[in-house]
Amino acid sequence: AMMTIVGRRSSKRTPAVQASPLAVPPGRTIAGLGLVLAGGVLTYQSWSTIEAAETARQSGMEAAGEVLGGAGGEGARTVQVTWKAGQGAVHRFGPVPVSEAFYRRISRDGDVVARQVRVRYAEGELQKRPVIVEDTAEPDLPVRLGLGAGAALLLIGLGCLGSAARYSARGR
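Position one of the sequence shown corresponds to residue 7 (our numbering), numbered consecutively onward.
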């Protein structure tokens, strides 16, 4: 008699809805998220470098500047620059990437000898990278490579996430 009461109670209960565990491949998901994050940061940094240079070139204020020093190896030359803004405040920025041709023009045996340059900077946004007027080169190779590599990492990461989503949708 006891079994029939217990049995009836259990049969009267509505079965609890069990949530099926989400079948997401963790390796693909983590790799996808990491690649999207790394690609996004790299693409943004490269793009903002190019954008800051374009803004300063097109609408920036021009000032006389001075090169304080240079660094870098073949293909990735940078200099430190200082200039006096409109209100008389002295600003310093570096490293500023420059082309190999410009660096050869201002240096001898790796030491900077030509100090005076013209600088364009975005007024009101002095934390952005200034542009050296005499250096008319396109964005340097590391910036272009960073932009391309960032975009590639973004696409690969999105592919990993899409693959993980398809995998979980099939329920495998």
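Each residue gets a CB set at the ideal place from its N, CA and C atoms; glycine is no exception.
Backbone secondary structure at Q122 - three-state DSSP:
strand
Beta-carbon proximity check, R63 vs S169, cutoff 8 Å:
no
Which of the three DSSP states is assigned to V139 in this structure?
coil
Answer with buried or exposed for D117, where buried requires no fewer than 16 other C-beta atoms within 10 angstroms of its C-beta.
exposed
Integer-rounded CB distance, given that G76 should sit under 8 Å from S113:
6 Å
Closest to V119 by C-alpha separation, out of R126, A128, Y109, Y127, would be which residue?
Y109
Extent of the continuous beta strand (DSSP E) run through P101:
96-104
Kindly indicate which three-state DSSP category G76 falls into: helix, strand or coil?
strand
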